[in-house]
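Position 31, counted from 1, in the sequence shown is what the working numbering calls 47; the numbers after and before it change by one each time, with no gaps. Everything below concerns the one structure shown next.
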Amino acid sequence: MMTINKLQKKWTYCLIVLTTTMAMGVPKAISQENSLISLIYNEQLKPYQDVVKGFKSVLNNSNFKVSYVDNTDYSPIDNNSRLILALGSKAINLIPSKRDNFTVSPDIISTLTLNNNLLMNTPHLAGIAIQASAKTQLNWHKRILPDARRIGVLYDPENSQKLINELSKIAPTLGLTIIAAAVRSPTELTSALKLLGREADTIFSIPDKTVYSGKTAKAILLFSYRNRIPFIGMSKSWVKAGAIYALDWDYISLGQQCAQIAMAILDGKKANSIPLQYPISEQYLLNLKTAKQLKVEFSNEIINGAIEVFQ
């Protein structure tokens, strides 16, 4: 039923060699030396493929001469890497153990992970969250489900208190209220859901590893159905499994955004000086079967605007 945790299949390790050209505007930080960029990603998943495609499209049209060497047997990261594009949490977690082996400690760019703490707390890393900003998410919630004013959020205070504070601050400006239910361990999930069942119009998911996993997904979705409380997912996988909607991204655009960060770093900017970014291009998916079961009606404008509809 759920494919959320089935993302760790086969990973590709790629090397991108960037050499300076005589074209105008070559960044001074590149100097006369080749700069090596290593890509780590899951080659079997289309979102990962699209991010890499977008990343390459920007570099291919830049002032750099780019050559690509693909290595699919999971080789060690090249010691001369100046920059690493790591797609997903597993890719990020590979790097610290190898950092001492690098000739120069490389900067990292990462996306396609729901763990924002990992993006913000990994040294020398600039990240793009695979979610919209808090304000953007609440704006979409109000647009897609205009009658739902009390938004329930399951969260672990240790992981997500900052996000809850941000949501709680923004919500009243949109005529919304956040009902936050703490889940410090999976054993507290049932009582937290009961609280939301009494007080919330929807359950809005956030990237919190304590709350959301392959083990808890079924219980949360069943609670949503049985209590007719729409559940807003974090990805296409959640919508396919029964969430009423989720925001999604143009992954080629996401790769292009990563490439712009790469260009800034190669031009001399420090990765850890670049604030956490959010996807520029936003889309959404709907599950009309779930909506029918929960007796939720969408406007024709919302249905026609969805990038994909499940029925």
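Glycine included, C-beta positions come from ideal geometry on N, C-alpha and C. What you are looking at is a predicted structure, and each value in this text was computed from that prediction instead of being measured.
Pairing N320 with G258 gives a Cβ-Cβ distance that is not under 8 Å. Taking the Cα of S73 as reference, the smallest distance to any Cα among L270, A102, S221 is reached at L270.
In this structure, E182 lies away from I195, with their beta-carbon atoms at least 8 Å apart. CA-to-CA, the gap between A307 and S240 works out to about 11 Å.
A150 has its alpha-carbon roughly 26 Å from the corresponding atom of A280. With a beta-carbon spacing of about 7 Å, I167 and D217 fall inside the 8 Å limit used to define contacts. Counting only runs of 4+ residues, the alpha helix (DSSP H) found wholly inside the segment 128–204 occupies 132–137, 150–160, 173–186, in chain order. Taking C-beta separations shorter than 8 Å and ignoring five residues to either side along the sequence, the partners of A187 in its chain run L154, I167, T193, I194, following chain order. For L101, there is no enclosing alpha helix (DSSP H); the residue is part of the beta strand (DSSP E) that begins and ends at 97–103. For L301, DSSP records a beta bridge to A262, E324. Within the model, the alpha-carbon separation for I108 versus A262 is close to 25 Å.
CA-to-CA, the gap between I323 and I56 works out to about 28 Å. As for any beta strand (DSSP E) of minimum length 3 sitting wholly inside the segment 224–300, the runs are 261–265, ordered along the chain. By the neighbour-count criterion, in which a residue is buried when 16 or more other Cβ atoms sit within 10 angstroms of its Cβ, R98 is buried.
By the 16-neighbour rule on beta-carbons within 10 angstroms, L238 is exposed. Burial is judged here by how many other beta carbons sit within 10 angstroms of a residue's own beta carbon; I248 has at least 16 and is buried. Remark: C-beta atoms of V255 and L212 do not approach each other more closely than 8 Å.
Per the C-alpha coordinates, the member of K286, V312, Q273, L282 positioned closest to P295 is Q273. Within the same chain, and ignoring the five residues on either side of N243 in sequence, the residues whose Cβ sits closer than 7 Å to its Cβ are G213.
Taken atom to atom, the span from the alpha-carbon of N79 to that of D163 is near 51 Å.
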